[in-house]
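Student: Numbering (the UniProt record's numbering), first residue to last: 1 to 290.
Built from N, CA and C at the ideal position, the CB exists for glycine as well.
One structure coming up, written as structure tokens, with questions to follow.
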Ligand SMILES: NC(=O)c1ccc[n+]([C@@H]2O[C@H](COP(=O)([O-])OP(=O)(O)OC[C@H]3O[C@@H](n4cnc5c(N)ncnc54)[C@H](OP(=O)(O)O)[C@@H]3O)[C@@H](O)[C@H]2O)c1
């Protein structure tokens with residue numbers, strides 16, 4: 001970090017912009033940031049949902065934002081700076097779940113997952129960076145998923161593709177913006193009790209291929225059975241994120257939940273095992289004269 005940059009101090013009051021803040025984890029993040037004394041620009045496709053979930057507050061601004069719309073992302077950042085004078089923390093939180101076997105999922109459904117959970121964060125981050133660069137400070141938090149570290153079950157191809165994508169996007173961005181005092185933080189939640197697995201947020205591909213029929217029925221039942229039963233408490237995760245954002249040394253990745261920690265460790269070991277599995281062949285691929 002250059003001498004011209006400044007890091008938010010834990011005691012500083014900062015300006016947060018949260019996407020998907022009308023339902024689910026985004027509401028808890030907005031509440032936790034407000035409770036800590038920060039100003040919050042809560043964004044959602046419908047600002048009515050923000051009013052219902054968060055009410056009104058001097059330090060709260062509700063702004064319409066569909067994250068798939070780059071112009072709306074720019075307008076939201078402008079509104080934040082007009083109202084609060086700066087923008088310190090962006091939380092790319094908005095998300096949905098296109099669930100289904102890859103072969104049964106329409107190309108449109110697959111693409112819509114990438115639009116919302118990969119290009120959504122790309123759009124919002126692109127809109128926020130000029131302001132953060134001018135300030136020489138900022139933090140971009142992106143809610144990825146354990147499915148961005150390892151895809152461990154059926155129905156996850158589109159979701160995991162978007163979450164793996166956002167992992168690469170944020171990791172690649174980190175070194176580019178660090179010299180301007182801008183940090184990135186990826187968050188990989190395990191299962192949290194939000195509305196993600198409800199019919200409002202999860203769309204199942206219509207069964208169409210007999211070879212998959214039994215597994216499709218069983219997998220839909222399994223996912224639906226988890227709705228409302230997830231162990232993770234989104235209010236606790238939101239409080240953890242507000243805490244982490246205030247640290248001098250922030251993690252670039254945060255495993256959210258005991259299930260996430262376990263999955264990180266399993267994946268790390270799997271990568272080591274894969275590196276070792278054909279080590280001699282893997283390391284024998286250079287030109288003979290290299
Ligand atoms: N809950 C979990 O177990 C879990 C696990 C891993 C990762 N995550 C991630 O956590 C994030 C938050 O999800 P959640 O669990 O809180 O789910 P949720 O309860 O279903 O909430 C999703 C939120 O995203 C919004 N949204 C969806 N598409 C949008 C778009 N195009 N533009 C703007 N807002 C949009 C929804 O708003 P509308 O009301 O307009 O639909 C809603 O506010 C997501 O990125 C999700 O992938 C969740």
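Work out the CA separation of residue 202 and residue 211 for me, nearest whole Å.
Tutor: One C-alpha to the other measures close to 23 Å.
Student: What residues in its chain sit with their C-beta under 7 Å from that of residue 50, if we drop five residues either side in the sequence?
Tutor: 21, 22, 42, 44, 62
Student: Do you know offhand how far residue 278's Cα is from residue 284's?
Tutor: If you draw a straight line from the Cα of residue 278 to the Cα of residue 284, it is about 10 Å long.
Student: Excluding sequence positions up to five away, which residues of its chain have a Cβ less than 7 Å from the Cβ of residue 209?
Tutor: 103, 104
Student: Quick one: any contact between the segment 26-33 and the segment 246-257, if contact means 3 or more CB pairs under 8 Å?
Tutor: Contact fails: fewer than three Cβ-Cβ distances are below 8 Å.
Student: Is residue 253 helix, strand or coil when you go by DSSP?
Tutor: strand
Student: I believe residue 187 touches residue 117 by the beta-carbon criterion, under 8 Å. Please report the beta-carbon distance rounded to the nearest angstrom.
Tutor: With a Cβ gap of about 13 Å, residue 187 and residue 117 do not count as contacting.
Student: Does the count of Cβ pairs from the segment 78-92 and the segment 132-147 closer than 8 Å reach three?
Tutor: Output reads yes: the segment 132-147 touches the segment 78-92.
Student: Ignore the nearest five residues each way along the sequence and tell me which others in residue 275's own chain have a CB closer than 8 Å to its CB.
Tutor: 282
Student: Quick one: Cα of residue 197 to Cα of residue 97, how far?
Tutor: 8 Å
Student: For ligand 1, I want to know if residue 96 counts as a neighbour, meaning its beta carbon is within less than 6 Å of at least one of the ligand's heavy atoms.
Tutor: Yes; taking the cut-off as 6 Å, the Cβ of residue 96 has a heavy atom of ligand 1 nearer than that.
Student: From residue 65 to residue 181, what distance separates their C-alpha atoms?
Tutor: Taking the straight line from one Cα to the other gives about 26 Å.
Student: For residue 69, which residues of its own chain have a beta-carbon under 8 Å away from its beta-carbon, when the five flanking residues on both sides are left out?
Tutor: Excluding sequence neighbours, residue 69 sits near 123.
Student: Indicate, with yes or no, if ligand 1 has a heavy atom lying under 6 Å from the CB of residue 186.
Tutor: no
Student: Output the residue ranges of the alpha helix (DSSP H) runs that lie fully inside the segment 64-149 and measure 4 residues or longer, sorted by chain position.
Tutor: Fully enclosed alpha helix (DSSP H) runs of 4 or longer: 70-84, 107-114, 120-135.
Student: Given residue 115, which residues of its chain have a CB within under 8 Å of its CB, disregarding the five upstream and five downstream residues?
Tutor: 68
Student: Have a look at residue 204 and residue 148 and give me their C-alpha separation to the nearest angstrom.
Tutor: Cα atoms of residue 204 and residue 148: separation of roughly 20 Å, rounded to the nearest angstrom.
Student: Kindly list the residues whose CB is nearer than 7 Å to the CB of residue 135, restricted to its own chain and excluding five residues on each side of it in sequence; keep chain order.
Tutor: 86
Student: Tell me which residues share the same chain as residue 216 and place their Cβ nearer than 6 Å to its Cβ, disregarding the 5 neighbours each side in the sequence.
Tutor: Cβ contact annotation for residue 216 (same chain, cutoff 6 Å, sequence separation greater than five): 207, in chain order.
Student: Mind pulling the alpha helix (DSSP H) runs of 4 or more residues that sit fully within the segment 13-53?
Tutor: 25-35
Student: Whole alpha helix (DSSP H) runs in the segment 168-207 with 4 or more residues, listed along the chain?
Tutor: none
Student: When every heavy atom of ligand 1 is checked, does at least one fall within less than 6 Å of the C-beta of residue 192?
Tutor: yes
Student: For a test of your reading of the model: does the CB of residue 15 fall under 6 Å from any non-hydrogen atom of ligand 1? Yes or no.
Tutor: No, the Cβ of residue 15 stays beyond 6 Å of every heavy atom of ligand 1.
Student: Should residue 229 be labelled buried (16 or more other beta-carbon atoms within 10 Å of its own) or exposed?
Tutor: exposed
Student: Rounded to the nearest angstrom, what separates residue 271 and residue 133 at their Cα positions?
Tutor: 35 Å
Student: Measuring only from the beta carbon, is residue 189 closer than 6 Å to any heavy atom that is part of ligand 1?
Tutor: Residue 189 has its Cβ nearer than 6 Å to a heavy atom of ligand 1.
Student: With a Cβ-Cβ cutoff of 7 Å, do residue 77 and residue 39 count as a contact?
Tutor: no
Student: Just to confirm before moving on: does the CB-CB distance between residue 127 and residue 74 stay below 7 Å?
Tutor: yes
Student: Residue 238 and residue 32: beta carbons closer than 7 Å?
Tutor: yes
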